[in-house]
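For the sequence shown, the working numbering gives the first residue as 6, with consecutive numbering after it.
Note that beta-carbon positions come from the ideal geometry of N, C-alpha and C, so glycine has one too.
Only a predicted model underlies this, so the values are computations on that prediction, with no experimental measurement involved.
Single-structure report; data block below.
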Amino acid sequence: MISTAKTLFALIPVCLGFLSDLSSQAPGVNDSIPLAEAIAQIKQHYQINIYYKEDWIENIHTMFPPFYNSLERDLNYILMGTPYSFYNYRGKHIVFYKELAGENRNKQFDVTSYYSNIVYRFDGQVLAQNDDTPVPGATIFVEELNLGVISSINGTFQFILPPGTYTMAIKSVGFIDQQVSFELTGNKSATYYLPTEVKMLNEVVISGEAEANVREISTGITRLNNRALKILPAFLGEVDIVKSLLLLPGVNTVGEAASGFNVRGGSADQNLVIMDEAPLFNSSHIFGLFSIFNQDVVDNLTLMRSGISPRYGGRLSSVLDVKTRNGQSNRITGQGGIGLFNSRLTLDAPVIRDRLKILAGGRILYSDFLLGMLKNKALKNSSTFFYDGNIKINLNIHKFSRLDYSFYSSFDQFRLPSDTLYHWGTNNHSLNYHLQIGKKLVLNSTGIRAHYRYGISEDQSNGQFQWNAGIQYQSIKLDFYYQPDRANKIEFGCEKAWHEFSPGDLEPGPDSYLNSFRQEKLYARENIAYVSDEIELLPFLSLAAGLRYSAFGHFGPGTVHLYEPGVPRNIETMIASTSYGRGEKISLSDAFEPRISARIMLNELSSIKASYNRLYQYIQQVSNTTGITPIDLWYPSSIYLKPQACDQVTLGYYKNFQLNRFETSVELYYKRMDNLVDYKEWAELFLNPHIETELLQGKGMAYGIELYARKNLGRVTGWASYTYARSLIRIKGSAPEETINQGAYYPTNFDMPNEVKITTNYQINRRWSIAGNFVYLTGRPVTFPASKYEVNKITIASYEERNGARIPDYHRLDVSITQSGSNRKNKYWYGSWSFTVYNLYARKNAYSIYFKPIPGSRIPQAYRYTILGTIIPSLSYNFKFL
Numbered sequence: 006m007i008s009t010a011k012t013l014f015a016l017i018p019v020c021l022g023f024l025s026d027l028s029s030q031a032p033g034v035n036d037s038i039p040l041a042e043a044i045a046q047i048k049q050h051y052q053i054n055i056y057y058k059e060d061w062i063e064n065i066h067t068m069f070p071p072f073y074n075s076l077e078r079d080l081n082y083i084l085m086g087t088p089y090s091f092y093n094y095r096g097k098h099i100v101f102y103k104e105l106a107g108e109n110r111n112k113q114f115d116v117t118s119y120y121s122n123i124v125y126r127f128d129g130q131v132l133a134q135n136d137d138t139p140v141p142g143a144t145i146f147v148e149e150l151n152l153g154v155i156s157s158i159n160g161t162f163q164f165i166l167p168p169g170t171y172t173m174a175i176k177s178v179g180f181i182d183q184q185v186s187f188e189l190t191g192n193k194s195a196t197y198y199l200p201t202e203v204k205m206l207n208e209v210v211i212s213g214e215a216e217a218n219v220r221e222i223s224t225g226i227t228r229l230n231n232r233a234l235k236i237l238p239a240f241l242g243e244v245d246i247v248k249s250l251l252l253l254p255g256v257n258t259v260g261e262a263a264s265g266f267n268v269r270g271g272s273a274d275q276n277l278v279i280m281d282e283a284p285l286f287n288s289s290h291i292f293g294l295f296s297i298f299n300q301d302v303v304d305n306l307t308l309m310r311s312g313i314s315p316r317y318g319g320r321l322s323s324v325l326d327v328k329t330r331n332g333q334s335n336r337i338t339g340q341g342g343i344g345l346f347n348s349r350l351t352l353d354a355p356v357i358r359d360r361l362k363i364l365a366g367g368r369i370l371y372s373d374f375l376l377g378m379l380k381n382k383a384l385k386n387s388s389t390f391f392y393d394g395n396i397k398i399n400l401n402i403h404k405f406s407r408l409d410y411s412f413y414s415s416f417d418q419f420r421l422p423s424d425t426l427y428h429w430g431t432n433n434h435s436l437n438y439h440l441q442i443g444k445k446l447v448l449n450s451t452g453i454r455a456h457y458r459y460g461i462s463e464d465q466s467n468g469q470f471q472w473n474a475g476i477q478y479q480s481i482k483l484d485f486y487y488q489p490d491r492a493n494k495i496e497f498g499c500e501k502a503w504h505e506f507s508p509g510d511l512e513p514g515p516d517s518y519l520n521s522f523r524q525e526k527l528y529a530r531e532n533i534a535y536v537s538d539e540i541e542l543l544p545f546l547s548l549a550a551g552l553r554y555s556a557f558g559h560f561g562p563g564t565v566h567l568y569e570p571g572v573p574r575n576i577e578t579m580i581a582s583t584s585y586g587r588g589e590k591i592s593l594s595d596a597f598e599p600r601i602s603a604r605i606m607l608n609e610l611s612s613i614k615a616s617y618n619r620l621y622q623y624i625q626q627v628s629n630t631t632g633i634t635p636i637d638l639w640y641p642s643s644i645y646l647k648p649q650a651c652d653q654v655t656l657g658y659y660k661n662f663q664l665n666r667f668e669t670s671v672e673l674y675y676k677r678m679d680n681l682v683d684y685k686e687w688a689e690l691f692l693n694p695h696i697e698t699e700l701l702q703g704k705g706m707a708y709g710i711e712l713y714a715r716k717n718l719g720r721v722t723g724w725a726s727y728t729y730a731r732s733l734i735r736i737k738g739s740a741p742e743e744t745i746n747q748g749a750y751y752p753t754n755f756d757m758p759n760e761v762k763i764t765t766n767y768q769i770n771r772r773w774s775i776a777g778n779f780v781y782l783t784g785r786p787v788t789f790p791a792s793k794y795e796v797n798k799i800t801i802a803s804y805e806e807r808n809g810a811r812i813p814d815y816h817r818l819d820v821s822i823t824q825s826g827s828n829r830k831n832k833y834w835y836g837s838w839s840f841t842v843y844n845l846y847a848r849k850n851a852y853s854i855y856f857k858p859i860p861g862s863r864i865p866q867a868y869r870y871t872i873l874g875t876i877i878p879s880l881s882y883n884f885k886f887l
C-alpha cells in the first residue's frame with residue numbers, strides 16, 4: 006500500500022508536466038526554424054562538432070530540436086523530411102551526407118572521400134625507437150578536440166578530423182611520453198618513435214603494464230618484457246630465464262641437474278618451448294645448470310600455465326613463448342658480460358638505415374672451474390663446454406610489411422671421468438613475413454625448420470662406440486589477427502608440420518666388441534586449424550573462446566610389429582611384422598580442442614577469472630630416469646602409443662592494492678589426463694627396436710592451489726608464493742606386469758605437494774642493490790627396495806611400491822649484490838658488477854637416494870646423492886655501449 010502511494014505521488018509531476026505541455030507549448034516548440042539554426046542549437050547542447058556543406062541547407066526549415074537527451078533521436082528529428090543522414094564519429098563528430106539511392110544505399114559510407122574538403126583522415130603508427138617494433142595499446146590524444154584512440158596490435162591508429170593545427174600526446178607504459186604538433190590540410194600519415202623509459206630504481210611492474218594481472222582475460226599467464234628481465238635475480242653472474250621462472254608458483258624441477266622444468270604436475274616434455282615460433286626440444290645447458298636463453302637477446306616472453314590460446318598446442322602442461330629482439334635501425338649498440346665461468350656478447354646495428362638491421366649474440370662456457378667447486382667426485386673430475394648463438398635479421402619492405410629471419414644454434418658436451426662423452430645441440434631457423442592487410446587485419450606467415458641432435462661417445466679401447474639420435478621438425482603456418490573494434494579481437498590460422506624421429510644409430514669403434522646397430526626412422530605429419538575470439542561483452546565481463554583442430558598421422562616407410570591379442574606385449578608374444586612404404590599411413594589420430602576463458606571485473610583493482618582448456622600431445626619423450634635428460638628419446642604417437650590428452654579447469658581471484666603497488670592472486674586448478682606414459686619394471690629403452698613392449702599408459706590427475714603476493718614499487722620489491730599441489734598417475738592393465746601399485750593412483754616423479762618461494766630486491770641507492778631468493782619444496786617421490794634375496798650368491802633388491810617414499814625436502818637460499826655504473830648521464834658506456842652466491846648455507850639437497858650393502862649386516866646403508874652440495878660464488882662484469 007505504501008509503495009503504491011509513493012508511486013502515484015511520484016507520477017503527479019509527470020502528469021502535470023504532460024498536461025501543461027498539451028495546454029500551452031513551450032516557446033519555439035513546433036515552430037518552423039532554419040535547419041542551420043537547429044544544427045547550431047544541437048551543437049551547443051551536446052558540445053559536438055557537425056560538418057556539412059552550406060549550400061545543402063539553404064532555404065531548408067525544420068522543427069526546433071526537442072532535446073530528448075539522445076543525440077541520435079534529435080538529429081533524426083531535425084533531418085526528418087530532408088534527403089540527408091549523418092555519420093557519428095566517436096560520439097564527438099557528426100558529418101552530414103546525402104543518402105544513397107537504389108542499389109547504392111547499402112554501400113559503406115566513406116566520410117573522407119565524401120567530404121574531401123571538410124574532414125581529412127590522419128593515419129599514424131607508433132614504433133619503439135630502439136628496435137622499430139610496433140607499440141600496441143599506446144594512447145594517442147588530440148587535446149584540442151578532447152579525442153583519444155588506442156593503437157592496434159601493429160601500433161597503428163586513425164583520426165578523422167577537420168582541417169586545422171593540433172597538439173597530440175602519445176603515451177605508453179615503459180616509454181617516454183611524446184607530444185607533437187601537426188597541421189592538417191589534407192589526408193596525412195605519419196610514424197612516431199617512442200624512446201624507452203629508463204628508471205634508476207626498480208619501480209617496474211613485471212607484467213609490463215599496471216593492472217595486467219587483474220585485466221588479463223586468461224588465467225595462469227605471466228608476461229615478462231626485456232626491461233623486466235633485467236631486474237630478475239641473477240644466477241652465476243647473469244639472469245637465467247628458466248631459473249627465474251622456477252621462482253613462480255606452480256613451476257619447479259625434480260632436481261638441480263635435471264633438464265627442463267615441470268608445470269602444475271606435468272612432466273618436462275609436456276611444455277611447449279618456442280623461440281621466434283621455432284620449437285626447442287631442450288631448454289637447458291649442462292643438464293639444467295644454465296638455460297639456453299641469452300638475456301641480452303630476448304625481448305619478451307610469455308608463460309601460459311592455463312588459459313592457453315588455441316593458436317598453441319601439442320603439449321599438455323604449458324607454453325613458453327620467447328621472442329628475440331630486433332636490431333637497432335639508427336645506431337650501433339652492444340651489450341654483454343664477462344664472468345668466472347662464461348661470457349656473452351650481443352651486437353646490433355643498421356645495415357641500411359630504417360630498412361635492414363641485424364642483431365647477433367653469443368655465449369660461451371670456457372672453464373671447468375664450476376665443476377671443480379662441486380662436492381660430487383664424479384662431477385668434480387668431469388669436464389664441460391657449451392656455446393649458443395642468435396642471429397636476427399629484419400627487413401622493412403614497406404610501411405605495412407616486414408620480413409624477419411631468426412637463427413639459433415647451440416652445442417653442449419659433457420665428459421665423465423670414464424671417458425664417456427655426452428653431446429647435444431640445436432639448429433633452428435624461422436622466417437616470418439608480416440603483412441598488414443587494411444586497417445584491421447594482419448597476417449603473419451612463418452616457415453620453420455628445427456633440428457635437435459644428441460648422442461653418446463665412448464673412448465675406452467675395447468668398447469669404443471658412437472651413438473647418435475635426433476628429431477627434425479618443419480612447418481608452414483599462417484596466423485591472422487583481425488580486430489574489428491576495440492572490444493573484439495579475432496585470431497585464426499592453420500599450420501602443416503612434418504616430423505622426423507631418429508631413435509638412434511650405434512657405430513662401434515675399430516677395436517670394439519660391439520656390433521653396428523641402426524633403428525628405423527619414424528615419420529609423422531600434422532595438420533592444424535584454429536579460431537578464437539576475445540570480446541568485451543559488457544564493461545565488466547570479457548570472454549575469450551576458441552577451438553583448435555589437430556590431426557596427427559604416423560606414415561611410412563616403417564615396420565610395425567604385431568603381437569598376440571589379449572596378452573602383454575613382449576618379444577615372446579610377437580607374431581608378425583608389417584612393412585609400410587614411403588607415404589603409407591600407419592596410424593592417424595585427430596581431436597577438437599575447445600578453449601574458453603572469462604573475466605569478471607569486480608572493480609578497477611579486482612577480478613574473478615575462470616578457464617577451461619582441452620589439449621592433446623602427439624609426441625613425447627621416453628625416459629625411465631627421474632629427470633628428463635638431453636639424450637632421452639622422442640617418439641611420436643603410433644598404433645601402440647596413443648596421444649596424451651588433458652582437461653584443465655582453473656578458477657582465480659585477483660586483487661591489487663594501493664594503486665597497483667601490491668598484487669595478490671589465488672588460483673585453483675584441476676587437471677584430468679589420459680594416456681600418460683610410464684614404464685615396466687626394469688624397462689630397457691636404449692637401442693630397443695621393440696620400444697612398445699616397455700611402455701605403459703594410464704590415467705592421471707593433478708590439482709592444487711597457488712597463493713601469490715607481489716610488491717611492484719618502492720626500494721623493496723619482490724614476491725612470495727605458496728603452492729599446494731598433487732600429481733598422480735594410475736596404470737591398470739589387463740595383466741600384473743602391465744599394472745603398477747595394484748592399479749591404484751600413485752605419485753608421479755614430480756609430485757612435490759608443498760612449495761614456498763620468496764624473491765626480494767632492495768635498492769640501497771641508485772648504484773647498489775641486493776637481492777635474495779629462498780625456495781622450499783617437499784622432497785620428490787622415490788622407490789626404495791622393500792626386501793632383498795640372493796640368486797647364485799648374487800644379491801637382488803625387490804621393489805614393491807613405486808614412488809612409495811620421498812627424498813628429504815629441498816630448500817636453498819641465494820643472494821646477489823649488484824653495483825651499477827656512475828650517475829653520469831649521456832654516457833656511451835654503461836657497466837655494472839654482479840656478485841652472486843648460489844646455495845648460501847651450503848645445503849646438500851638430495852637428488853636421489855641409493856643403497857650399499859654393509860659387510861656383515863643384512864641392512865644396507867642409505868646414501869644421499871647430491872649434485873650441488875656446496876656454496877657456488879660468482880663474479881661478473883656486465884656492460885652496454887651505445
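What are the complete beta strand (DSSP E) segments, minimum 3 residues, inside the segment 493-555?
-> If we require 3 residues or more, the beta strand (DSSP E) runs fully inside the segment 493-555 come out as 493-513 and 527-543.
Would you check if there are 3 or more beta carbon pairs closer than 8 Å linking the segment 711-730 to the segment 594-606?
-> No: fewer than three Cβ pairs fall under 8 Å.
For Gln479, write down the residues that DSSP places opposite it in a beta bridge.
-> If you number the sequence shown from 1, residue 479 lands on position 474. Beta-bridge pairing links Gln479 to Arg454 and Trp503.
Measuring CB to CB, does Ser415 end up less than 9 Å from Thr431?
-> In the sequence shown, the residue the question calls residue 415 occupies position 410. In the sequence shown, the residue the question calls residue 431 occupies position 426. In this structure, Thr431 lies closer than 9 Å to Ser415 by Cβ.
Closest residue to His439 among Leu712, Asn433, Thr823 and Thr451 (Cα-Cα distance) = Here residue 439 is taken as the residue at index 434 of the sequence shown, counted from 1. Of Leu712, Asn433, Thr823 and Thr451, the smallest CA-CA separation from His439 is found for Thr451.
For the beta strand (DSSP E) that contains Asn432, what are its first and last residues?
-> As a first step, residue 432 is located in the sequence shown; it is residue number 427 there, counting from the start. Thr425 to Ile442 is the span of the beta strand (DSSP E), which, as asked, contains Asn432.
Which partner residues does Pro599 have in the DSSP bridge list?
-> Walking along the sequence shown from the start, residue 599 turns up at place 594. Note: Pro599 is bridge-paired with Leu552 in the DSSP secondary-structure output.
Residues near Pro758 in its chain [Cβ-Cβ closer than 8 Å; skip 5 each side] = Translated into positions along the sequence shown, residue 758 becomes position 753. Beyond the five residues adjoining it in sequence on each side, Pro758 comes within less than 8 Å, by CB distance, of Tyr729, Ala730, Arg731 and Thr783 in the same chain, given in chain order.
Using the Cα positions of Gly107 and Met85, report the straight-line distance between them to the nearest angstrom.
-> Here residue 107 refers to the residue found at position 102 of the sequence shown. Here residue 85 refers to the residue found at position 80 of the sequence shown. With a pLDDT of 42 at Gly107, under the threshold of 50, the modelled position of this residue cannot be trusted, and the question is left open.
Are three or more beta carbon pairs between the segment 566-574 and the segment 524-540 nearer than 8 Å?
-> Verdict: no, contact absent.
Quick one: give me the first and last residue of the beta strand (DSSP E) that Gln726 is part of.
-> Residue 726 sits at position 721 when you count from the first residue of the sequence shown. Checking the sequence shown, residue 726 turns out to be Ser, not Gln. Ser726 -> beta strand (DSSP E) spans Val721 to Arg735.
Are Tyr317 and Leu352 touching if we call contact CB-CB under 9 Å?
-> Position 312 of the sequence shown, counted from the first residue, corresponds to residue 317. Position 347 of the sequence shown, counted from the first residue, corresponds to residue 352. The answer is no: Cβ separation not under 9 Å.
Output yes or no for whether 9 Å exceeds the beta carbon distance between Arg358 and Asn335.
-> As a first step, residue 358 must be located in the sequence shown, where it is residue number 353. As a first step, residue 335 must be located in the sequence shown, where it is residue number 330. Judged by beta-carbon spacing, Asn335 lies within the 9 Å limit of Arg358, meaning their Cβ atoms are closer than that value.
Can at least three beta-carbon pairs, one atom from the segment 271-285 and one from the segment 185-202, be found at a separation below 8 Å?
-> Judged by pairs of C-beta atoms under 8 Å, the segment 271-285 does not touch the segment 185-202, as fewer than three such pairs exist.
Which whole runs of the alpha helix (DSSP H) in the segment 217-294 are 4 residues long or more, in chain order?
-> 217-220, 231-234 and 246-250, all fully within the segment 217-294.
Can you tell me which of the three DSSP states Trp838 falls into?
-> Translated into positions along the sequence shown, residue 838 becomes position 833. The answer is strand: DSSP assigns Trp838 an E or B state.
Given that a residue counts as buried once 16 or more other Cβ atoms are within 10 Å of its Cβ, and exposed if not, what is Asp516?
-> Residue numbering aside, residue 516 sits at position 511 when the sequence shown is read from its first letter. Flag for Asp516 reads exposed.
Under 9 Å between the Cβ atoms of Val780 and Tyr815?
-> On the sequence shown, residue 780 is found 775 positions in, with the first residue counted as 1. On the sequence shown, residue 815 is found 810 positions in, with the first residue counted as 1. Yes, these two residues count as a Cβ contact at 9 Å.
Which residues in the same chain have their Cβ closer than 7 Å to the Cβ of Tyr882, if we skip the five residues on either side of it in sequence?
-> Looking up residue 882 in the sequence shown gives position 877. Around Tyr882, the same chain offers Gly342, Ile343, Gly836 and Trp838 as residues with beta carbons nearer than 7 Å, after the five sequence neighbours per side are excluded.
Mind checking whether Tyr459 and Pro635 have CB atoms under 9 Å apart?
-> As a first step, residue 459 is located in the sequence shown; it is residue number 454 there, counting from the start. As a first step, residue 635 is located in the sequence shown; it is residue number 630 there, counting from the start. Against a cut-off of 9 Å, the Cβ pair of Pro635 and Tyr459 comes out as a contact.
Jot down the residue ranges of each uninterrupted beta strand (DSSP E) in the segment 309-385, minimum 3 residues, whole runs only, in chain order.
-> Counting only runs of 3 or more, we get 323-329, 338-344, 347-357 and 361-370.
Neighbour-count burial assignment, Asn93, 16 or more Cβ in a 10 Å radius | In the sequence shown, counting from the first residue as 1, residue 93 sits at position 88. Exposed is the call here.
Residues near Pro544 by beta carbon distance below 8 Å, same chain, minus five either side = Within the sequence shown, residue 544 is the residue found at index 539, counting from 1. Residues Met606 of the same chain have their beta carbon placed closer than 8 Å to that of Pro544, with the five preceding and five following residues left out of the count.
Helix, strand or coil for Asp409 per DSSP?
-> Locating residue 409 in the sequence shown gives position 404, where the first residue counts as 1. The answer is strand: DSSP assigns Asp409 an E or B state.
Distance between Tyr197 and Tyr870 (C-alpha atoms, nearest Å) | Position 865 of the sequence shown, counted from the start, is the residue given in the question as residue 870. Position 192 of the sequence shown, counted from the start, is the residue given in the question as residue 197. Taking the straight line joining both Cα atoms gives about 58 Å.
Evaluate contact between the segment 384-393 and the segment 604-618, counting only Cβ atoms and requiring at least three cross-stretch pairs below 8 Å.
-> Contact fails: fewer than three Cβ-Cβ distances are below 8 Å.
Quick one: residues in its chain with C-beta nearer than 6 Å to the C-beta of His98, no 5 flanking neighbours on either side, listed in chain order?
-> Counting from one through the sequence shown, the residue named residue 98 turns up at place 93. The answer, listed in chain order, is Asn54.
Along the chain, where does the beta strand (DSSP E) that runs through Gln163 open and close?
-> Translated into positions along the sequence shown, residue 163 becomes position 158. Thr161 to Leu166 is the extent of the beta strand (DSSP E) around Gln163.
Should the segment 495-502 be regarded as contacting the segment 470-483, the criterion being three or more beta carbon pairs within less than 8 Å?
-> The segment 495-502 vs the segment 470-483: in contact.
Would you give the residue range spanned by the alpha helix (DSSP H) that Gln61 belongs to?
-> Translated into positions along the sequence shown, residue 61 becomes position 56. Here residue 61 turns out to be Trp, not Gln, going by the sequence shown. Per DSSP, Trp61 is one residue of the alpha helix (DSSP H) stretching across Glu59 to Ile62.
Which class does His695 belong to by DSSP, given the choice of helix, strand or coil?
-> Stepping through the sequence shown from its first residue, residue 695 is reached at position 690. If DSSP states are grouped into helix, strand and coil, His695 belongs with coil.
Given Ala474 as reference, the closest of Ser582, Pro599, Lys647 and Phe286 once Cα atoms are compared = Locating residue 474 in the sequence shown gives position 469, where the first residue counts as 1. Minimum Cα distance to Ala474 is reached at Phe286.
Where Glu672 falls: helix, strand or coil (DSSP) | Locating residue 672 in the sequence shown gives position 667, where the first residue counts as 1. Strand at Glu672.
When the Cα atoms are used, what is the spatial distance from Glu208 to Val178?
-> Counting from one through the sequence shown, the residue named residue 208 turns up at place 203. Counting from one through the sequence shown, the residue named residue 178 turns up at place 173. Confidence is the limiting factor: at Glu208 the pLDDT is only 38, short of 50, which leaves the residue's position unreliable and the question unanswerable from this model.
Any Cβ of chain D within less than 9 Å of the Cβ of Tyr767?
-> This model lacks chain D altogether; it includes just one protein chain.
Per DSSP, which one or two residues make a beta bridge with Ala41?
-> As a working note, residue 41 is residue 36 in the sequence shown. Secondary-structure assignment with DSSP links Ala41 through no beta bridge to anything.
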